[in-house]
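Residue numbers (my numbering): 14 to 311.
The beta-carbon is built from N, C-alpha and C at its ideal position, and this holds for glycine as well.
Just so we're clear, the structure is a prediction, and the values are computed from it rather than from any experiment.
Before any comments, here is the structure.
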């Protein structure tokens, strides 16, 4: 009898120490607290792009599986410090923040050096060959949605493309589809404009500092463009992580999407069980699954 009592007491103690007990509701916080180190992947510095502003730093993770030509052209521009001293020229409410050369269509526009001035679009790629983690969701913009290497993706059987979720990084273009070069970039800072999918080349997503872009004053001109130079937010620099000193880098890790922990994370967001919720939705859309990113501790 004493042995049974001791065993029962031990089980009670262990259950109290576990962040996700069987009698606890599945919550986002609980899932992340219960994750294991192997559930996370460290972000590679050669795919991290650092935008330095007077208000602080913004960091992007790039997706070369989807836009290799644009990303390579961007590397050329960054290496020759093309963006240093340019500016954020647009902040449209509930839409995007955009930066580049304010004089791009005038005399005195900055030289592209050895970078291409225009590229064939990379609006989508073949779906074949991608490790696609499907999300159980009814999507109006794609036959299926899910994740590839942590990026939100839509596909229709033959094609796959990055989706315009909050924080995604894209390449500005004019009317001509091949007019983009990565010399002009934008970030989604409002409700997901999925109607832009397959019409703009997306190259990555924001992994740190998005608040520094979404909190910028809104432009008062058409489409949120700033109307005078004194409204511009100057760009101090843009660099890839591999070109920075260790002290200037941030070490980050993202939750892997091929794990049971990620499945639980999605389910916790699908049927919210936190005390505040009265009627959990029971459904979820692609852009309502923000991939968790946290500092990497060596």
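Would you identify the three-state DSSP class for residue 183, choosing helix, strand or coil? For the purposes of this step, residue 183 is identified with residue 170 of the chain shown, where counting begins at 1. Residue 183: strand per DSSP, three-state reduction.
Identity of the residues DSSP links to residue 101 by a beta bridge: Here residue 101 is taken as the residue at index 88 of the chain shown, counted from 1. According to DSSP, which records beta bridges pairwise, residue 101 is partnered with 112, 246.
Are the CB atoms of residue 217 and residue 7 within a distance shorter than 9 Å? Missing from the structure shown is residue 7; the chain here goes from 14 to 311 and no further.
How long is the line joining the alpha carbons of residue 275 and residue 224, rounded to whole angstroms? Translated into the one-based positions of the chain shown, residue 275 becomes position 262. Translated into the one-based positions of the chain shown, residue 224 becomes position 211. Their backbone Cα atoms lie some 24 Å apart in a straight line.
What do you reckon, are the CB atoms on residue 44 and residue 277 nearer than 9 Å? For the purposes of this step, residue 44 is taken as residue 31 along the chain shown, with counting starting at 1. For the purposes of this step, residue 277 is taken as residue 264 along the chain shown, with counting starting at 1. Cβ atoms of residue 44 and residue 277: closer than 9 Å.
Is residue 290 buried or exposed, if buried means 16 or more other CB atoms sit within 10 Å of its CB? Working through the chain shown from its first residue, we reach residue 290 at position 277. Flag for residue 290 reads exposed.
For residue 199 and residue 180, which I take to be in contact (beta-carbon distance under 8 Å), what is that distance rounded to the nearest angstrom? Walking along the chain shown from the start, residue 199 turns up at place 186. Walking along the chain shown from the start, residue 180 turns up at place 167. Residue 199 to residue 180, Cβ: 11 Å. No contact.
Kindly indicate which three-state DSSP category residue 231 falls into: helix, strand or coil? Taking the chain shown and counting its residues from 1, the one referred to as residue 231 is at position 218. DSSP places residue 231 in coil when its eight states are reduced to three.
Tell me the residue span of the beta strand (DSSP E) that contains residue 158. The count along the chain shown starts at 1 and reaches residue 158 at position 145. Counting along the chain, the beta strand (DSSP E) containing residue 158 begins and ends at 157-161.
For residue 25, three-class secondary structure by DSSP: Residue numbering aside, residue 25 sits at position 12 when the chain shown is read from its first letter. Residue placement at residue 25 is flagged as unreliable, the pLDDT there being 39, under the threshold of 50; a coordinate-derived value is accordingly withheld.
Minimum C-alpha distance to residue 99 - residue among 156, 153, 117: Against the chain shown, residue 99 aligns to sequence position 86. Checking every option, the nearest Cα to that of residue 99 belongs to 117.
Whose C-beta lies closer than 6 Å to the C-beta of residue 215 among residues of the same chain, with five residues either side of it excluded? Position 202 of the chain shown, counting from 1, holds the residue named residue 215. Result list for residue 215: 175, 181, 183, in chain order.
What residues in its chain sit with their C-beta under 8 Å from that of residue 67, if we drop five residues either side in the sequence? Position 54 of the chain shown, counted from the first residue, corresponds to residue 67. Around residue 67: 246, 247, 249.
By the 10 Å Cβ neighbour count, where 16 or more other Cβ atoms means buried, how is residue 134 classified, buried or exposed? Within the chain shown, numbered from 1, the residue matching residue 134 stands at position 121. So residue 134 counts as buried.
Can you tell me whether residue 146 is helix, strand or coil according to DSSP? Translated into positions along the chain shown, residue 146 becomes position 133. Three-state DSSP puts residue 146 in a strand.
Buried/exposed call for residue 124, threshold 16 Cβ in 10 Å: Numbered from its first residue, the chain shown carries residue 124 at position 111. With fewer than 16 Cβ atoms within 10 Å of its Cβ, residue 124 is classed as exposed.
List the endpoints of the continuous beta strand (DSSP E) containing residue 297. By 1-based counting over the chain shown, the position of residue 297 is 284. Run containing residue 297: none; DSSP gives neither H nor E here.
So which of 300, 103, 139, 63 has the shortest CA-CA distance to residue 239? Mapped onto the chain shown, residue 239 falls at position 226. Of 300, 103, 139, 63, the residue nearest in Cα terms is 103.
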